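When we follow my numbering, the leftmost residue of the sequence shown carries the number 1, and every step to the right adds one. No residue lacks a Cβ here, since even glycine has one placed at the ideal position from N, Cα and C. Because the structure is a prediction, the values reported are computed rather than measured.
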Amino acid sequence: MSAATAIHELSVPADDDASLLSPEIAGRLGRLSIIARKHASARQRGRRRTRRVGGGTETIDLRPYEAGDDTRRIAWHAYARLERLLVRLVADEAPLRLTLVVDQSASMSYGRPTKVRHAARIAAGFAAVALGGEDRVALAVGSGGQAQAHRPVSGRGGLPRLLAMLDRLAAVGSTDLPATVRTVLDAAPGRGVCVIISDLFEPQGVLAGASEARRRGHEVAIVEVLAPFEVDPPDLSGFELEDEETGEIVELPERGARERFQEALALHRRNVDDGARSLEAAVVRTTTDEPFESIVTRALGAGLLGRGAR
Numbered sequence: 001m002s003a004a005t006a007i008h009e010l011s012v013p014a015d016d017d018a019s020l021l022s023p024e025i026a027g028r029l030g031r032l033s034i035i036a037r038k039h040a041s042a043r044q045r046g047r048r049r050t051r052r053v054g055g056g057t058e059t060i061d062l063r064p065y066e067a068g069d070d071t072r073r074i075a076w077h078a079y080a081r082l083e084r085l086l087v088r089l090v091a092d093e094a095p096l097r098l099t100l101v102v103d104q105s106a107s108m109s110y111g112r113p114t115k116v117r118h119a120a121r122i123a124a125g126f127a128a129v130a131l132g133g134e135d136r137v138a139l140a141v142g143s144g145g146q147a148q149a150h151r152p153v154s155g156r157g158g159l160p161r162l163l164a165m166l167d168r169l170a171a172v173g174s175t176d177l178p179a180t181v182r183t184v185l186d187a188a189p190g191r192g193v194c195v196i197i198s199d200l201f202e203p204q205g206v207l208a209g210a211s212e213a214r215r216r217g218h219e220v221a222i223v224e225v226l227a228p229f230e231v232d233p234p235d236l237s238g239f240e241l242e243d244e245e246t247g248e249i250v251e252l253p254e255r256g257a258r259e260r261f262q263e264a265l266a267l268h269r270r271n272v273d274d275g276a277r278s279l280e281a282a283v284v285r286t287t288t289d290e291p292f293e294s295i296v297t298r299a300l301g302a303g304l305l306g307r308g309a310r
């Protein structure tokens, strides 16, 4: 029996043709709202309070006048007391921007359901949560070195458009995740929360993408999606395995392959966690046999999702 045959016989039944989100699940997710961990207390009805010059009506702070500032925002009462030019910072209720980045490289084709299908469901669920909380959602996917970004949508009417794009995802070729992140952030400027969903088989690419999002002011979360076989495989000592993306043949040792794999996976995950920690990024891990509701619950615990003030 080949390694590929053994792997597929151990997979769970396929459900790639099932809908991404049932109406029941979509309804439950719509009662949640995405929150940024650092600004959770400022959230009100799907909106986020920010500090900026102009807009809004409530003055929350003052700062020194700078060339180019709107002179209508000068705090003349403060000038009368301090003889210094200051401008008013006002409260601005702005929608959160959720940016979803889905890895669709060839390695994501593995499993039943496939990892890319599971990733699409996760992205669809996060989008339903955000849109139900009056937030804006942008989506980017990449394969074969090409990145495709969906312009930001808002309101419940935006969900079908995102679902249509996610429903068509197929895992092929390689994915340049940093380039995919840059593409969607260029298409949807502004700060918010960026969620990268991947099997993390190229951790440097994922962390580079996360770093780019952080550099642009986003909070970042990384979702690792693996098939159960990839987390806890049987002993395949002596088998030959083929890399899904490069075609490289890997010969496993005659004994101890499972133990070596588990050690390598643990080291790989520690490296990802260390890189994510340096970026203050949350890491959520799932397998393709985990119900979506469980992922949402753990995302809540990781600080990515929170119950909105409805």
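Candidates the options, of which the one nearest residue i by Cα
| i | options | result |
| --- | --- | --- |
| threonine 175 | Gln104, Ala276, Asp69 and Ser22 | Gln104 |
| alanine 147 | Leu185, Arg191 and Arg255 | Leu185 |
| alanine 149 | Gly157, Phe261 and Leu166 | Leu166 |
| valine 223 | Gly217, Arg73, Asn271 and Val102 | Val102 |
| glycine 190 | Leu200, Gly68 and Arg215 | Arg215 |
| isoleucine 25 | Ile74, Arg121 and Pro64 | Arg121 |
| glycine 157 | Thr180, Val181, Gly132 and Ala179 | Gly132 |
| valine 283 | Thr183, Ala299, Leu226 and Leu162 | Ala299 |
| leucine 279 | His268, Pro160, Glu263 and Ala213 | Ala213 |
| serine 211 | Gly192, Val231, Glu230 and Val181 | Val181 |
| histidine 77 | Gly68, Leu62 and Glu66 | Leu62 |
Helix, strand or coil at residue i [DSSP, three-state]
| i | result |
| --- | --- |
| valine 141 | strand |
| valine 87 | strand |
| threonine 287 | strand |
| alanine 130 | helix |
| proline 178 | helix |
| histidine 150 | strand |
| arginine 48 | Here arginine 48 scores only 48 on pLDDT, less than 50, and its place in the model should not be relied on; the value that follows carries that caveat. Three-state result, arginine 48: strand. |
| glutamate 240 | strand |
| serine 278 | helix |
| arginine 63 | strand |
| glutamate 251 | strand |
| valine 364 | Residue 364 cannot be examined here, being either before or after the span of the chain that is shown, 1 to 310. |
| glutamate 219 | strand |
| valine 172 | coil |
Pair within 8 angstroms by beta-carbon distance, residue i and residue j
| i | j | result |
| --- | --- | --- |
| alanine 130 | leucine 96 | yes |
| leucine 100 | valine 137 | yes |
| alanine 124 | leucine 20 | yes |
| arginine 258 | aspartate 235 | yes |
| glutamate 240 | glutamate 251 | yes |
| alanine 106 | glycine 173 | yes |
Exposure label - residue i; buried when at least 16 CB within 10 Å
| i | result |
| --- | --- |
| leucine 82 | exposed |
| arginine 110 | Inspection of the sequence shows that residue 110 is occupied by tyrosine rather than by arginine. Classification of tyrosine 110: buried, given that the 10 Å Cβ count is 16 or more. |
| arginine 48 | Residue confidence for arginine 48 is low, a pLDDT of 48 falling below 50, so the modelled location carries little weight; the figure read from the coordinates is stated next. So arginine 48 counts as buried. |
| leucine 162 | buried |
| proline 113 | buried |
| alanine 127 | buried |
CB contact below 8 angstroms: residue i versus chain D
| i | result |
| --- | --- |
| proline 152 | Protein chains in the displayed structure number just one, and chain D is not present. |
Residues of its chain near residue i, where Cβ-Cβ distance is below 7 angstroms and the 5 sequence neighbours each way are ignored
| i | result |
| --- | --- |
| arginine 255 | Ser237 |
Cβ neighbours of residue i in the same chain (closer than 8 angstroms, five flanking residues each side left out)
| i | result |
| --- | --- |
| leucine 177 | Val101, Asp103, Gly142, Ile196, Ser198, Glu202, Gly205, Val206, Ala208 and Gly209 |
Sequence-distant residues of its chain with Cβ nearer than 6 angstroms to residue i (five each side left out)
| i | result |
| --- | --- |
| valine 116 | Gln104, Met108, Leu169 and Ala171 |
| glycine 275 | Leu207 |
| alanine 179 | Ala147 |
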